[in-house]
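Taking it in order: structure first as structure tokens, then the write-up.
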Amino acid sequence: MLRHINRTVVAQVSMPAGRARVLLGLLILGMTGLLVRAAYLQGMQNDFLQQEGEARFSRVVEMSADRGMIIDRNGEILAISSPVASVYADPQLIAINPTQLRELSGLLAMDEAEVERRINREQTRFVYLKRQIVPEVAERIHALKIPGIAFETEFKRYYPEGEGTAHVVGFTDINDQGQEGVERGWNAVLAGEIGSRRVIKDNKGRIIEDVENIRVPKPGRDVALSLDRRIQHIAHRELKKAVAIHKAKAGSIVVLDAQTGEVLALTNFPVYNPNSRSSITSERIRNRALTDTFEPGSTLKPFPVAVAIETGHVNPGTQLQTSPGTYKVGRSVIRDVSDKGMLSVAEIIQVSSNVGMVKIALSLPSQTLWEIYDNVGFGMPVGTGYPGEANGLLRPYNRWRPVEQATMSFGHGISVSLIQLARAYTIFTTGGELKPVTLEKQEFPVMGQRVISKETAMAVSQMLEMATQPAGTAPLAQVNGYRVAGKTGTAHKLIDGKYAKKQYISSFVGYAPASNPRLIIAVMLDEPSAGKYFGGAVAAPVFSQVMSGALRILNVPHDAAANNIVRYLFVSPEEQEG
Amino acid sequence: MFKINLVLVALLVICALGVVAAQHEARKLNMAWENERKVARKLEIEWGKLQLEQSTLIARRQIENAARMQLNMEVPSADYVQIISTRKVDESRWVVLDNAKTY
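Laid out in structure tokens, this is it:
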């Protein structure tokens, strides 16, 4: 074919040899020029040009990843992210007339002057007018069609139960990072990781091709807590009421599942509303039940008794003389509220006699007493994963003085957090096993750790049941239709290393139904100052209210006849030491 | 020879057009997919909002207030409650407990 063409060309064109050579030379020169240029662009400038080209149509877009929800054990929402709009302005583009300004500031709920000041800021092209407003308002602002005003979508955390779950759930900051509580402790699980991908967009801004995934987005996972929103509500309501009635400085309440150790409710007062950040102060933010410790007083008495029975030092029927209601240990005097005479060990718990308790405690080696407190978890964090759990204080037994061994038997000289106290009572509800407490819902039952034998647990449980009987310290803890067991505590507050005369911490820890315990509830009120301060008068009624509500919600079968409450028989609780 | 080349050129053109068409189709589909993604995202957000709304509406505090204030309801006191048990309630233990002295 080529030959054929050549022949034609040669046949038709003929020119002088010189001109042909010049022409050829020029053509070769031109060709070389082009080749050099091509080599330059392809070889040396390649990267730069490719970049420039891509920059004209390829874009990196973000792939959103939502923060996970926090839900309760029944899947009800305790924290959820919802989109909100943030309004911003470009002061260089803005054009607004007075009517629009009035409407805009009305919708933003801001001063007209303030809005004007912001949009008139010079030398900036971006200023937030207001962050996190509800989408409906944003739409109405959008409808005003003011040039230079634009919106971006952000996510805001909402807490449907408000202050009721504030201390457990915590809250996030404006950038969606957990600041307190579960939001903080579980931030790594909850927080999503924003992904990004490279795409090609056409001239109308539509994505027409997916080039590559730069980072795969990782949406946050939901966290299922062990809380029961219904019980939490009751606990919070009753605590709030009690704090108000008794003019207490603070109060806490913990509800545990008596068999698994899951936290079903946990609330404190004072508290804040996580939906409005302005109510948050450092005093209100503290989750006292988990992060604060106190000297619990008589609520600790069942533990030395349990270990004394376990080691065979006493049995529930052993008689001890508590007359004349005082007992000297070294240079200190231990006192009962009144002279109670001869008491059995069971009655010592029932009427909460300090003298009897000290006699039992001093018959034990100090190591044995220390071991029971250590075994039920005092002095170390309970390990829920909640940020800032308190250790409490349990000093080593080889540094105890005799009087300390004595006072420690009725809960002084040792400090615990309310959740430690509630957890310790699992040894009486599970037949001797200490269960770990969890804030997360347990998928499988968790193994406990045996502390005392089943027989001992039963024996102490019966004593605790006597304490809520008419002759005990806490008849007000009774619940209609259920057998209740528990122990009161009234402790002088430790202020600057000295026991305050008139400031008390009243507490009650108990469980029901006694025949097959389902719930442990621990109540603590700090400085009740409306007259009453005994645990049996202040904390026990709260226990009763919360317990009856919670048992009804959980549909727990009754284990006693209705109307088993015989309050008219009992001596006023003021007569009895907590 | 020439004929084969002609066929090949024709084939080449057809293939090239095919590539262009396929590319266009791919982009169209991609756009559609992108749109669906946006819709899915919107629905997700809507779902979140509805969940929030639901959980706000079932807040116990509100229900309780409505029951107490608007409907004048209250929890019956123990005197008005009759418990009907399917099992026999063991009351023998109360005797023991009431006589703690003889424990």
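If you read the sequences in order, they're chains A and B. Residues 1 to 578, numbered by full-length UniProt numbering, are exactly what the first sequence covers, in order. Residues 1 to 103, numbered by full-length UniProt numbering, are exactly what the second sequence covers, in order. Each residue gets a CB set at the ideal place from its N, CA and C atoms; glycine is no exception.
Residue 71 of chain B sits in coil when the DSSP states are folded into three classes, being neither helix nor strand. Contacts with chain B at 8 Å (Cβ-Cβ) do not include residue 275 of chain A. For residue 324 of chain A, there is no enclosing beta strand (DSSP E), as DSSP marks it with neither H nor E. Counting along the chain, no beta strand (DSSP E) covers residue 38 of chain B; the unbroken alpha helix (DSSP H) around it starts and ends at 2-57. In this structure, the beta-carbon distance from residue 114 of chain A to residue 101 of chain A does not fall below 8 Å. From the beta-carbon of residue 48 of chain B, the residues of chain A found nearer than 8 Å are 66, 80, 81, 82 and 83. DSSP places residue 83 of chain A inside the beta strand (DSSP E), whose first and last residues are 77-89. Short of 7 Å from the beta carbon of residue 69 of chain A, and not among the five residues preceding or following it, lie these beta carbons of its own chain, in chain order: 77, 79, 80 and 222. In the same chain as residue 264 of chain A, and ignoring 5 residues on each side of it, the C-beta atoms closer than 6 Å to its own belong to 228, 231, 255 and 257, in chain order. By the rule that beta-carbons nearer than 8 Å mark a contact, residue 65 of chain B does not touch chain A. DSSP places residue 240 of chain A inside the alpha helix (DSSP H), whose first and last residues are 229-245. Taking residue 277 of chain A as the centre and dropping the five residues before and after it, the same chain places the C-beta of 171 closer than 8 Å to its C-beta, in chain order.
Annotation for residue 447 of chain A: no beta strand (DSSP E) segment contains it, and DSSP assigns it neither H nor E. Per DSSP, the beta bridge partners of residue 489 of chain A are A:507. Within the UniProt domain "Penicillin-binding protein dimerisation" (64-210) of chain A, the beta strand (DSSP E) runs of at least 3 residues that lie entirely inside it are, in chain order, 77-89, 127-133, 149-158 and 195-201.
Those residues of the segment 22-33 of chain B placed with their C-beta closer than 7 Å to a C-beta in chain A are 27, 30 and 31, ordered along the chain. In summary, the residues of the segment 209-220 of chain A whose CB is separated from some CB of chain B by less than 7 Å are 209 and 210, in the order they occur in the chain. Distance from the CA of residue 52 of chain A to the CA of residue 8 of chain B, rounded to the nearest whole angstrom, comes to 36 Å. If only complete runs of 4 or more residues are kept, the segment 251-294 of chain A shows the alpha helix (DSSP H) at 282-285 and 288-291, in order along the chain.
Three or more Cβ pairs drawn from the segment 337-354 of chain A and the segment 309-324 of chain A lie within less than 8 Å of each other, which places the two stretches in contact. Ranked by Cα distance from residue 110 of chain A, the options A:133, A:359, A:64 and A:392 are led by A:133.
The three-state secondary structure of residue 440 of chain A, taken from DSSP, is strand.
A residue is called buried when at least 16 other Cβ atoms come within 10 angstroms of its Cβ; residue 354 of chain A meets this threshold and is buried.
Note on residue 281 of chain A: under 16 other CB atoms within 10 angstroms of its CB, so exposed under the neighbour-count rule. In the structure shown, residue 298 of chain A falls within a helical segment according to DSSP collapsed to helix, strand and coil.
At least one beta carbon of chain A lies nearer than 8 Å to the beta carbon of residue 59 of chain B. Contact annotation: residue 217 of chain A and residue 194 of chain A have beta-carbon atoms nearer than 8 Å. If you check the CB distance, residue 374 of chain A and residue 393 of chain A do not come in under 8 Å. One thing to note: residue 491 of chain A has its Cβ within 8 Å of the Cβ of residue 296 of chain A. By the 16-neighbour rule on beta-carbons within 10 angstroms, residue 21 of chain A is exposed. When the alpha-carbon of residue 58 of chain A is set against those of A:145, A:212 and A:400, the nearest one is in A:212. The shortest C-alpha to C-alpha distance from residue 261 of chain A to any of A:197, A:436, A:119 and A:361 is the one to A:436. Restricted to the segment 5-56 of chain A, the alpha helix (DSSP H) segments that are unbroken, complete and at least 4 residues in length are 17-39, listed in chain order. For a cut-off of 8 Å, the C-beta gap from residue 551 of chain A to residue 479 of chain A is around 7 Å, short enough to register as a contact.
Contact of residue 233 of chain A with chain B by beta-carbon distance below 9 Å involves 59, 60, 61 and 64. A distance of 8 Å or more separates the beta carbons of residue 155 of chain A and residue 142 of chain A.
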